[in-house]
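First up is the structure itself, then whatever we jot down about it.
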Amino acid sequence: MIRQIITFAAALAVSLTALAGTPVAPAFLKPGDKIAIMSLASTPGNVKYADKAADLLRQWGFTVEVSTHVMDRYHGYAGSDKVRAAELMKYLRDPEVKAIISTRGGYGSAQLLSLIPSDTLRRYPKWIVGYSDITSMHSAQVAAGNMSIHGNMGGYLSSATVDDRQAVMMKDILLGKMPTYTAAANALNHNGKAKGTLVGGNMYVMSKIAGSEEFDFLYGNNVDGDLILFFEDVSETMPHVAAMLQQMKLRGFFKRVKGIIVGRFTDYKTGYDYRDMNEMIHEMLGDVNIPVCYDFPTGHDESYNLPLIEGHKVTLDVSPLQVTLDFK
1038 MIRQIITFAA ALAVSLTALA GTPVAPAFLK PGDKIAIMSL ASTPGNVKYA
1088 DKAADLLRQW GFTVEVSTHV MDRYHGYAGS DKVRAAELMK YLRDPEVKAI
1138 ISTRGGYGSA QLLSLIPSDT LRRYPKWIVG YSDITSMHSA QVAAGNMSIH
1188 GNMGGYLSSA TVDDRQAVMM KDILLGKMPT YTAAANALNH NGKAKGTLVG
1238 GNMYVMSKIA GSEEFDFLYG NNVDGDLILF FEDVSETMPH VAAMLQQMKL
1288 RGFFKRVKGI IVGRFTDYKT GYDYRDMNEM IHEMLGDVNI PVCYDFPTGH
1338 DESYNLPLIE GHKVTLDVSP LQVTLDFK
């Protein structure tokens, strides 16, 4: 755990390097295109998560393939590392598959990274959708020069209606419609406007993959220029989050970060006598003179978890009235 915390700053540069330039969008989908549903990490609680999510995607006009391994169980994972990696490789190499949606997060996607040939993601760019533990895959995607979608997965889609607001947002991105989001102002916000490439995800998961030259964006060259960082977590402790943020500062990570989006921290453990997690983070970031917004709707609260395009150029505008995140 200590080693993970110490190296968290390294992981936060995820997507920053491997090829000179800027991550590009995989091919956008059109009606009739195939989407694969698989379990990249843990096993879903019910096969209906995958089947009902597939039904929704078909109602939108897509063709869907549900992995035969979606309910596999192996020491808490959805199949062994080799089985899940082979399934992912199959879908990446299949020219008919245009996007891959994970059934859930949990644990285990980071173990796949060492089993993926270094140039596979680069050679076969596909949209990968998920959040939480799937942060590992987004990091690998951006490090390979691809954009990736941090958003709700099969579990949410299984209960969504065809016109569900958040589900439709994800569908629109897959079809090539870039979003502009607005969020409520927060008394802790540091106002300002910044542009950069959006990177980030789950704090704990990023700490797990820190130090990997192939999949850690700190070590590559694929993202030029400035960064906009977002992070969120669930069931963490204030001391651990504080330690992670301190390491970011010690390693000089904020030299490239021009804006910070603090997502939602849910089910966390209190500590240090702070009122809440945002107050603690605000104090830790107090000397960072860049736009910062708090309680942005990204994280483990699936009722309001906006899909974010990692690797995409964005404009973050934090004003006294509202927060705007523009992907256009």
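All letters in the sequence shown, in the order written, are residues 1038 to 1365 by my numbering. We treat Cβ as the ideally placed atom computed from N, Cα and C, and that holds for glycine. In this text the structure is predicted, and so the values were computed from the model without any measurement.
Check, Outcome
"To which residues of the same chain is residue 1118 closer than 8 angstroms at the C-beta, ignoring the five residues directly before and after it?", "1145, 1148, 1149, 1152"
"Would you call the stretch 1214-1221 and the stretch 1277-1284 in contact, with 3 or more CB pairs under 8 angstroms?", "no"
"Closer than 8 angstroms is the cut-off here; do at least three beta carbon pairs connect the stretch 1304-1316 with the stretch 1204-1211?", "no"
"Rounding to the nearest angstrom, what Cα-Cα distance links residue 1203 and residue 1216 in this structure?", "11 angstroms"
"Within 10 Å of its beta-carbon, does residue 1336 have 16 or more other beta-carbons around it, so buried, or fewer, so exposed?", "buried"
"If you draw a straight line from the alpha carbon of residue 1315 to that of residue 1307, how long is it in whole angstroms?", "11 angstroms"
"Use the C-beta contact count for residue 1237: other C-beta atoms within 10 angstroms, 16 or more gives buried, fewer gives exposed.", "buried"
"Rounded to whole angstroms, how far is the Cβ of residue 1190 from the Cβ of residue 1141, which I believe are closer than 8 angstroms?", "6 angstroms"
"What whole-angstrom Cβ distance do residue 1278 and residue 1299 have, given they're in contact under 8 angstroms?", "Between residue 1299 and residue 1278 the Cβ distance is about 10 angstroms, and since that is not below 8 angstroms, they are no contact."
"What's the C-alpha gap between residue 1128 and residue 1358?", "44 angstroms"
"Would residue 1231 and residue 1265 be called neighbours here (beta carbons separated by less than 9 angstroms)?", "yes"
"Can you give the beta carbon distance from residue 1260 to residue 1351, rounded, assuming they're within the 8 angstroms contact cut?", "Actually they do not touch by this definition, with Cβ atoms about 12 angstroms apart."
"Give me the DSSP bridge partner(s) of residue 1269.", "1239"
"Can you name, in chain order, every residue of its own chain whose Cβ lies under 7 angstroms from the Cβ of residue 1172, other than the five neighbours on each side?", "1238, 1239, 1242, 1243"
"Here's the rule I'm using: 16 or more other beta-carbon atoms within 10 Å means buried, otherwise exposed. How should residue 1110 be labelled?", "exposed"
"I'd like to check one pair, residue 1347 with residue 1302: are the Cβ atoms closer than 9 angstroms?", "no"
"Hey, quick one: how far does the alpha helix (DSSP H) through residue 1160 stretch, first residue to last?", "1157-1160"
"Residue 1226 by DSSP, collapsed to three states: which one?", "coil"
"In angstroms with no decimal places, state the Cα-to-Cα distance between residue 1114 and residue 1228.", "42 angstroms"
"Using three-state DSSP, classify residue 1051 as helix, strand or coil.", "Note on residue 1051: pLDDT 39, under 50, position unreliable in the model; the coordinate value appears next. Coil at residue 1051, not helix or strand."
"Here's the rule: buried if 16 or more other CB atoms are within 10 angstroms of the residue's CB, otherwise exposed. What is residue 1063?", "buried"
"Reducing DSSP to helix, strand and coil, say where residue 1333 ends up.", "coil"
"Could you give the C-beta distance for residue 1296 and residue 1353, rounded to a whole number, given that I count them as a contact under 8 angstroms?", "4 angstroms"
"Measuring straight from C-alpha to C-alpha, what distance separates residue 1175 and residue 1224?", "31 angstroms"
"With distances taken from CA atoms, which of 1090, 1097, 1137 is nearest residue 1072?", "1137"
"Residue 1334 to residue 1341, Cα distance in whole Å?", "6 angstroms"
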